[in-house]
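Under this note's numbering, the final residue of the sequence shown carries the number 142; numbering is consecutive throughout.
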Amino acid sequence: MSDATKERKTVLVVDDDEGYRMLLSDAISDAGFNVIAAKNGQEALEKISQSPDLILLDHVLPDITGIDILKKLRAENSAWSQKVPVFMLTQKSDLSTIADAMEGHVSGYFIKSEEALSSIVAEIRQKLDL
């Protein structure tokens, strides 16, 4: 288990709702992951430079959309930016929002009001334990 503690995976949580961001961050941290949190798009873009192992990205942020952040990330010319798993977090379940996210090569899509924190953590575990 010493190898696992040395190489804890890092998850970037981007959400402008402080309560939800803290709940989600705590759940992910309790599951054994390092957590980096960002409250807006600008912070997210700065923290992406730390190359987290997985990104949970809110769709609606006060300064830039999650889709725009995703497109900037995928446009970078690095192996990491092309393959890092990104999951969209949103309250929106309309098809055009989902289609935009899929076009940006998201790994998954969580509708906040419909997903328990435990199922989000389970999805993260599954994606990062491969």
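Note that beta-carbon positions come from the ideal geometry of N, C-alpha and C, so glycine has one too.
No experiment lies behind these values; they were computed from the predicted model shown.
Is it buried or exposed for Ala128, if we count other Cβ within 10 angstroms and need 16 for buried? If you draw a 10 Å sphere on the C-beta of Ala128, you find fewer than 16 other C-beta atoms in it, and that means exposed.
I think Ala43 touches Leu24, with their Cβ atoms under 8 angstroms apart; what is that distance to the nearest whole Å? For a cut-off of 8 angstroms, the C-beta gap from Ala43 to Leu24 is around 15 angstroms, too long to register as a contact.
Are the CB atoms of Lys21 and Phe45 within a distance shorter than 7 angstroms? Yes, they are a contact pair.
Determine contact between the stretch 32-40 and the stretch 110-123, defined as no fewer than three beta-carbon pairs at a distance below 8 angstroms. Contact between the stretch 32-40 and the stretch 110-123 is absent, with fewer than three C-beta pairs closer than 8 angstroms.
Beta-carbon proximity check, Leu69 vs Val98, cutoff 7 angstroms: Between Leu69 and Val98, the C-beta gap is smaller than 7 angstroms, which places the two residues in contact.
Under a three-way DSSP split, which group does Ala91 fall into? In this structure, Ala91 counts as helix in the three-state DSSP scheme.
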